[in-house]
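Novice: Protein chains in written order, with our numbering: chain A, 97 to 214; chain B, 18 to 133.
Where is the CB? At the ideal position from N, CA and C, for every residue including glycine.
Values in this document were obtained by computation on a predicted structure and should not be read as measured data.
Following this message is one structure expressed as structure tokens.
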Amino acid sequence: AQSVTQLDSQVPVFEEAPVELRCNYSSSVSVYLFWYVQYPNQGLQLLLKYLSGSTLVESINGFEAEFNKSQTSFHLRKPSVHISDTAEYFCAVSDVWAGGTSYGKLTFGQGTILTVHP
Amino acid sequence: DTGVSQDPRHKITKRGQNVTFRCDPISEHNRLYWYRQTLGQGPEFLTYFQNEAQLEKSRLLSDRFSAERPKGSFSTLEIQRTEQGDSAMYLCASSLRLAGVTGELFFGEGSRLTVL
Numbered sequence: 097a098q099s100v101t102q103l104d105s106q107v108p109v110f111e112e113a114p115v116e117l118r119c120n121y122s123s124s125v126s127v128y129l130f131w132y133v134q135y136p137n138q139g140l141q142l143l144l145k146y147l148s149g150s151t152l153v154e155s156i157n158g159f160e161a162e163f164n165k166s167q168t169s170f171h172l173r174k175p176s177v178h179i180s181d182t183a184e185y186f187c188a189v190s191d192v193w194a195g196g197t198s199y200g201k202l203t204f205g206q207g208t209i210l211t212v213h214p
Numbered sequence: 018d019t020g021v022s023q024d025p026r027h028k029i030t031k032r033g034q035n036v037t038f039r040c041d042p043i044s045e046h047n048r049l050y051w052y053r054q055t056l057g058q059g060p061e062f063l064t065y066f067q068n069e070a071q072l073e074k075s076r077l078l079s080d081r082f083s084a085e086r087p088k089g090s091f092s093t094l095e096i097q098r099t100e101q102g103d104s105a106m107y108l109c110a111s112s113l114r115l116a117g118v119t120g121e122l123f124f125g126e127g128s129r130l131t132v133l
């Protein structure tokens, strides 16, 4: 069985400050890792993903996350946040089976509400 | 708009009534997923389809819940004899599975159910 823990339910920061949203997971098999963002009154959108290869993955809007297998973590970071980054962020995992097969079924964390203040 | 669409967006019903939600996935996607999200929690998996076949159901999906995808395109999620604990956002997602690889899940905006 998988589980995902997002250690902070709310993170308030000031604009242009750095931010880190923490995510830890547990699984008995290899995993694919994802961060989704949900803006108010909108659906979940994929922010970035780790499938294989480089453990540092980046999004087009300046976020990055690093897969740390030994610590079973996939923390999300941004060096300088904007007001428009205010949203709820969800970390999610998907089991990986033989040959890299994934059923696509995701287990989500509880979410972290990022609030960027001017 | 060619994304995942869900209908209705909001539904308020009285306890004991039946409700049905519809999801129209991205047209070329063969996988369709239903999730439930309660306040303050992340989405929880309910069930998924590969084309018209329902391949997995979560233990969360009690016998009052039924999901169908009769022609491998749109899907419906019906809740019978609703209870206040069914109040939640019901999310639909779709993806394309090809050659054993499941692509990114695209989510709809959800259907919010309030049971009075």
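#1: So GLN106(A) contacts chain B; which residues on that side make the cut at Cβ distance below 9 Å?
#2: In whole angstroms, what separates the C-alpha of SER122(A) from that of LEU103(A)?
#3: Counting C-beta neighbours from all protein chains within 10 Å, is the total for PHE110(A) 16 or more, i.e. buried, or is it exposed?
#4: Quick check on GLY59(B): buried or exposed, where buried means 16 or more other Cβ atoms within 10 Å of its Cβ?
#5: What residue does the beta strand (DSSP E) around CYS40(B) start on, and which one ends it?
#6: Using DSSP's beta-bridge definition, name the partner residues of PHE204(A).
#7: Please list, in chain order, the chain B residues whose beta carbon lies closer than 8 Å to that of GLY207(A).
#8: Please state whether DSSP places ILE156(A) in a helix, a strand or coil.
#9: Say whether the segment 30 to 45 of chain B touches the segment 177 to 195 of chain A, bearing in mind that this needs 3 or more beta-carbon pairs closer than 8 Å, one atom from each stretch.
#10: Beta-carbon of PHE186(A) versus every beta-carbon of chain B: anything under 8 Å?
Specialist: Reading from the atomic positions:
#1: Ordered by position in chain B, no residue passes the 9 Å Cβ test against GLN106(A), which lies about 11 Å from the chain.
#2: 14 Å
#3: exposed
#4: buried
#5: 36 to 41
#6: ALA188(A)
#7: GLY57, GLN58 and GLY59
#8: coil
#9: no
#10: yes
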